[in-house]
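If you count the sequence shown from 1, position 162 lands on 162 in our numbering, and the numbers rise without skipping. A quick write-up on the structure given underneath.
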Amino acid sequence: MMFRHVPKTLIKSLAFIIRCNSFVMSDSGSCVLRDVTLCSPLGEILLSGCEKGIHTIKIKLGTDKEESVHPVGKSEMGPELQRSVDWLQCYFMKPESVNSLPLPAFHHPLMLRDSFTAHVLWTLFKEVGLGKTVSYKQLAEMAGNPKAVRAVGSAMRNNPIPLIVPCHRVLRSSGDSGSYMGGKGDDIKVWLLTHEKKALELNPSKSEKSI
1 MMFRHVPKTL
11 IKSLAFIIRC
21 NSFVMSDSGS
31 CVLRDVTLCS
41 PLGEILLSGC
51 EKGIHTIKIK
61 LGTDKEESVH
71 PVGKSEMGPE
81 LQRSVDWLQC
91 YFMKPESVNS
101 LPLPAFHHPL
111 MLRDSFTAHV
121 LWTLFKEVGL
131 GKTVSYKQLA
141 EMAGNPKAVR
151 AVGSAMRNNP
161 IPLIVPCHRV
171 LRSSGDSGSY
181 MGGKGDDIKV
191 WLLTHEKKAL
201 ELNPSKSEKS
211 I
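Structure (structure tokens):
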């Protein structure tokens, strides 16, 4: 018996590590990820996805901002990653028209789990449309747990697909925009909200869901 003299606490710890590593390997092993970087008014945006859907969107702070939105260099993109690029190009250049585009599928593990975090993110994605805002408390109520305001804040911080899943539309109850990207992208949050507001002011008939 190879574990006869090993403390039970150590065996449990090793078992936990093995389970975690297996989970990570299963998630990453089932997907061949491809990346594409976009220039945008926010700076460079890195998208990562597989043939089943988009995994992550990351805004790269401190990079050059450009008015046009286009890929940096040449990248091989599957259809879901291409849909993400098309959506973002439309969002920045003609945001009132994003509803007419097919949305990419989401394939980040967090978005596929049966968890409160996933439920909050899906609720935000489905219910809070372009140019609209919601408080953390309101979003908690919409997700079915009015007391889970802190959990909603955690869900926003862990959102793997910002912009498409619009965590920038979640504000403090005071109406203050609050932090974005851990406080490092607060100006980006304000820019996004202003960008959407201007688009709907110019095209009021394109207004989406309201709270």
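Using N, Cα and C, we set each Cβ at its ideal position, and we do this for glycine too.
Q: Give me whichever residues DSSP pairs with F106 in a beta bridge.
A: I54
Q) Do A143 and H119 have their C-beta atoms closer together than 7 Å? A) yes
Q | Any 3 or more C-beta pairs closer than 8 Å across the segment 49-58 and the segment 157-174 | A | yes
Q) Per DSSP, what kind of secondary structure is V134 in: helix, strand or coil? A) strand
Q. On the three-state DSSP scale, how would you describe T63?
A. coil
Q. Given a threshold of 16 other Cβ atoms within 10 Å of its Cβ, counted over all protein chains shown, does H108 qualify as buried or as exposed?
A. buried
Q) S135 and L171: beta carbons closer than 7 Å? A) yes
Q) In terms of alpha-carbon separation, which member of G153, K137, S154 lies closest to P146? A) K137
Q.
Per the DSSP calculation, V36 is bridged to which residue(s)?
A. L47
Q | Contacting residues, own chain, Cβ-Cβ under 7 Å from L46 (five flanking each side not counted) | A | D35, T37, K58, K60
Q. Going straight from the alpha carbon of K189 to that of G178, what length do you get?
A. 9 Å
Q) By Cβ distance, which residues of its chain are closer than 7 Å to L121, with the 5 residues on each side in sequence left out? A) M111, A155, N159, V165
Q. Between G131 and S30, what straight-line distance do the alpha-carbon atoms span, to the nearest angstrom?
A. 36 Å
Q. Count the other CB atoms within 10 Å of the CB of R113; is the residue buried (16 or more) or exposed (fewer)?
A. exposed
Q. Mapping DSSP to helix, strand and coil, what is V152?
A. helix
Q) When you compare only the Cα positions, how much space is there between V222 and V149? A) Absent from the structure is residue 222, since the part of the chain shown begins at 1 and ends at 211.
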